[in-house]
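Colleague: Below is the structure I would like to discuss, written out as structure tokens.
There are 2 protein chains.
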Amino acid sequence: MSSKKNPTRDRILKTTWELLEDGGASAVRMSDIAKAAKISRQALYLHFPNRAELLVATTRYLDEVYDIEGKLAASRAAPTGRARLHEWVVVWGNYIPKIYGIAKALMALQASDAEAADAWSDRMQAVREGCAAAVAALAGDGVLTSQMTEKEATDALWTLLSVPAWEQLCVTCGWTQDRYIALMQQMAVHMLVDDQAP
Amino acid sequence: MSSKKNPTRDRILKTTWELLEDGGASAVRMSDIAKAAKISRQALYLHFPNRAELLVATTRYLDEVYDIEGKLAASRAAPTGRARLHEWVVVWGNYIPKIYGIAKALMALQASDAEAADAWSDRMQAVREGCAAAVAALAGDGVLTSQMTEKEATDALWTLLSVPAWEQLCVTCGWTQDRYIALMQQMAVHMLVDDQAP
DNA sequence: TGTCAACTTTACACGGTGTAAAGGCAGAAA
DNA sequence: TTTCTGCCTTTACACCGTGTAAAGTTGACA
Chain A
-11 MSSKKNPTRD RILKTTWELL EDGGASAVRM SDIAKAAKIS RQALYLHFPN RAELLVATTR
49 YLDEVYDIEG KLAASRAAPT GRARLHEWVV VWGNYIPKIY GIAKALMALQ ASDAEAADAW
109 SDRMQAVREG CAAAVAALAG DGVLTSQMTE KEATDALWTL LSVPAWEQLC VTCGWTQDRY
169 IALMQQMAVH MLVDDQAP
Chain B
-11 MSSKKNPTRD RILKTTWELL EDGGASAVRM SDIAKAAKIS RQALYLHFPN RAELLVATTR
49 YLDEVYDIEG KLAASRAAPT GRARLHEWVV VWGNYIPKIY GIAKALMALQ ASDAEAADAW
109 SDRMQAVREG CAAAVAALAG DGVLTSQMTE KEATDALWTL LSVPAWEQLC VTCGWTQDRY
169 IALMQQMAVH MLVDDQAP
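Chains as they are written, first to last, in the numbering used here: chain A, -11 to 186; chain B, -11 to 186.
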């Protein structure tokens, strides 16, 4: 897919990802990326019209590299709604740390750049659909709490599984990734399912 | 307190707050604030060394105006842990929309300005203490879930009640403030308390 | 009258993004 | 071999927002 037919572009995407990977070094400038990719800053603009599109392209690149679609498809095979919810938390929850750096950069850009805001919102809409599917599966099993509508339940799960929430728990509060997944599964079920009887 | 002995400074704070109030107009520049406060841009720098400190000072100003301390103190009087949690959700949850604009601006600044990051983190630490108090009250009543430590429960509640979570639910998803409060109370209890029997 | 504080005006440095234009260079095509 | 083409470099610059610097204005107060 991406790895043939335009090696420079791919090198730029890979470099961008590497520079943003940890998410600690907040200030990744176009010149930093250019230098790391061993290219002139101007050549960057021959491949991407601006910083926002470069960042968005990088997220798409990561989706490909990690085959997020494939993993998602697998989670759809879960037999019960609850199992599907658990799987969804695993798949998306474990993907967050990989995209965290780019996500952070894009979210920072949101404030000033409407185009970046739209792009990020689009990507998050895909996550919302995953949440909606899990909620629908719970509703199908008849175990969804009666205290929220399906939409509200989807919104709530989506928010619980958001990148800022992950950031606060795993970066600010120091949760391990494993603990995050385990507790998210628990919290999601407690929030969305009325009686805990298995 | 703030309303005597330095009228210009107070006018600046009030203006800053007004400009940031809705949170929609993302780009509030120093020159915008100066113009709205009917002052030269340079005069701003006579009162505040930089944008970050102006924003932080504005949050403190709001704390005063809304007497957040007083309301917090009242919530401490709740008889049971669960009542205290409910009160805490009401007090803090209803304060979020008022500080949302400034919060958004400060959070955007966090990426580039370490000082702003520290300042915001300080303010959020105060919120965490409110969460810790509610969790401790639940633990004192013996109703805190056995599946998390007290620290983890505090972290989880803190994240549930974070500004980005409010933003996603009330701005992106269109929840009303009342519904937000009602569902947050429910979700918090379901997440933190084991058996739902009253 | 003089002093002081608050404020204005003008000007500028800096850093980061994005634009513009001219030229280098390798490989394919004629 | 020449020429064309695509990809890249170099240099230069405009724009924007933040923050600094310095000289001048104004009004109150003693």
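Idealized CB from N, CA, C, for every residue including glycine.
Check the Cβ of Cys161(B) against every Cβ in chain A and list those closer than 7 Å, keeping chain order.
Modeller: Here the neighbours are Asp143.
Colleague: For the putative contact between Leu7(A) and Ile21(A), defined by C-beta atoms under 8 Å, what is the C-beta separation to the nearest angstrom?
Modeller: Their Cβ separation, rounded to whole angstroms, is 6 Å, which keeps Leu7(A) and Ile21(A) in contact under 8 Å.
Colleague: Is there a Cβ from chain B that is less than 8 Å from the Cβ of Ser63(A)?
Modeller: With 8 Å as the cut-off, Ser63(A) does not count as an interface residue toward chain B.
Colleague: Would you tell me roughly how many angstroms separate the C-alpha atoms of His74(A) and Lys92(B), rounded to the nearest one?
Modeller: One C-alpha to the other measures close to 32 Å.
Colleague: For the structure I just gave you, are there three or more beta carbon pairs, one from the segment 166 to 179 of chain B and one from the segment 105 to 113 of chain B, closer than 8 Å?
Modeller: Result no; under three Cβ-Cβ pairs closer than 8 Å.
Colleague: Counting only Cβ pairs nearer than 7 Å, list the residues of chain A close to Thr147(B).
Modeller: Per Cβ cutoff of 7 Å: Ala153, Gln156, Leu157.
Colleague: Does the distance from the CB of Gly118(A) to the CB of Trp80(A) come in under 8 Å?
Modeller: Contact: yes.
Colleague: In three-state DSSP terms, what is Leu132(A)?
Modeller: The answer is strand: DSSP assigns Leu132(A) an E or B state.
Colleague: If I measure Cβ to Cβ from Leu157(A) and keep anything under 7 Å in the same chain, skipping five residues before and after, which residues do I get?
Modeller: Excluding sequence neighbours, Leu157(A) sits near Trp163, Tyr168.
Colleague: Rounded to whole angstroms, what's the CA-CA distance from Ala141(B) to Val78(A)? Just pull it up for me.
Modeller: C-alpha separation (whole angstroms): 20 Å.
Colleague: For the segment 82 to 97 of chain A against the segment 48 to 66 of chain A, are there 3 or more C-beta pairs whose distance is under 8 Å?
Modeller: As far as the Cβ criterion goes, the segment 82 to 97 of chain A touches the segment 48 to 66 of chain A, which means the pair count is three or higher.
Colleague: Alpha carbons only, please: which of Arg116(B), Trp154(B), Thr147(B), Asp110(B) is nearest the one belonging to Met179(B)?
Modeller: It is Thr147(B).
Colleague: Please decide whether Ala99(A) counts as near chain B, where near means a Cβ-Cβ distance under 8 Å.
Modeller: Answer yes: the Cβ-Cβ gap between Ala99(A) and chain B drops below 8 Å somewhere.
Colleague: Which ranges would you report for the alpha helix (DSSP H) in the segment 90 to 165 of chain B if only whole runs of at least 4 residues count?
Modeller: Runs of the alpha helix (DSSP H) inside the segment 90 to 165 of chain B: 102 to 128, 138 to 148, 151 to 154.
Colleague: For chain B, is any of its Cβ atoms less than 8 Å away from the one on Gln187(A)?
Modeller: Here chain A covers residues -11 to 186 and nothing more, so residue 187(A) does not appear.
Colleague: Around the Cβ of Ala114(A), are there at least 16 other Cβ atoms within 10 angstroms (buried) or fewer (exposed)?
Modeller: Exposed, because fewer than 16 other Cβ atoms sit within 10 Å of the Cβ of Ala114(A).
Colleague: Do you know offhand how far Pro(-5)(B)'s Cα is from Thr46(B)'s?
Modeller: Going from the Cα of Pro(-5)(B) to the Cα of Thr46(B) covers about 14 Å.
Colleague: Cβ atoms of Ser150(A) and Pro67(B): under 8 Å apart, would you say?
Modeller: Not closer than 8 Å, so no.
Colleague: Quick one: what's Val181(A) bridged to in DSSP?
Modeller: Note: Val181(A) sits in a beta bridge opposite Leu132(A).
Colleague: When you compare only the Cα positions, how much space is there between Ala40(A) and Met136(B)?
Modeller: Each residue's Cα considered, the two are about 40 Å apart.
Colleague: List, in chain order, every chain B residue whose beta-carbon is nearer than 9 Å to that of Ser19(A).
Modeller: Under the 9 Å cutoff, chain B gives no residues; its nearest Cβ is about 15 Å from Ser19(A).
Colleague: Evaluate Ser63(A) with the Cβ neighbour count: other Cβ atoms within 10 Å of its Cβ, from every protein chain shown; 16 or more gives buried, anything less gives exposed.
Modeller: Buried, by the Cβ-count rule.
Colleague: For the segment 42 to 76 of chain A, which segments carrying the alpha helix (DSSP H) assignment without a break, of at least 4 residues, lie completely within its bounds, in sequence order?
Modeller: As far as the segment 42 to 76 of chain A is concerned, its whole alpha helix (DSSP H) runs of at least 4 residues are 56 to 63.
Colleague: Only counting the same chain, and skipping five residues up and downstream in sequence, which positions put a Cβ closer than 7 Å to that of Ala176(B)?
Modeller: Result list for Ala176(B): Leu73, Val77, Leu145, Leu148, in chain order.
Colleague: What residue from Ile90(A), Asn82(A), Ala71(A) has the CA that sits closest to Ala125(A)'s CA?
Modeller: If we check each option's Cα against that of Ala125(A), Ala71(A) comes out closest.
Colleague: Should Glu155(B) be labelled buried (16 or more other beta-carbon atoms within 10 Å of its own) or exposed?
Modeller: With 16 or more Cβ atoms within 10 Å of its Cβ, Glu155(B) is classed as buried.
Colleague: Would you kindly report the start and end of the unbroken alpha helix (DSSP H) that includes Ser19(A)?
Modeller: First-last of the alpha helix (DSSP H) with Ser19(A): 18 to 24.
Colleague: Closer than 8 Å between beta carbons: that is the criterion. Which residues of the segment 171 to 185 of chain A meet it against chain B?
Modeller: From the segment 171 to 185 of chain A, only Leu171, Gln174, Met175, His178, Met179 have a Cβ closer than 8 Å to chain B.
Colleague: Using beta-carbon positions only, say whether Ala24(B) and Ser100(A) come within less than 8 Å of one another.
Modeller: Cβ distance not < 8 Å, so Ala24(B) and Ser100(A) don't count as in contact.
Colleague: Considering Cα atoms alone, identify which of Arg111(B), Tyr49(B), Pro37(B) is closest to Thr3(B).
Modeller: Among Arg111(B), Tyr49(B), Pro37(B), the Cα nearest to that of Thr3(B) is on Tyr49(B).
Colleague: Kindly list, in the order they appear in chain A, the residues whose Cβ is closer than 8 Å to that of Glu117(B).
Modeller: Going along chain A, no residue has its Cβ under 8 Å from Glu117(B), so there is no contact; the nearest lies around 14 Å.
Colleague: Can you say whether Gln30(B) is buried or exposed, counting buried as having 16 or more other CB atoms within 10 angstroms of its CB?
Modeller: Gln30(B) should be labelled exposed.
Colleague: Please compile the residues from chain B whose C-beta is within a distance smaller than 7 Å of the C-beta of Glu140(A).
Modeller: Ordered by position in chain B, the residues that pass the 7 Å Cβ test against Glu140(A) are Leu171.
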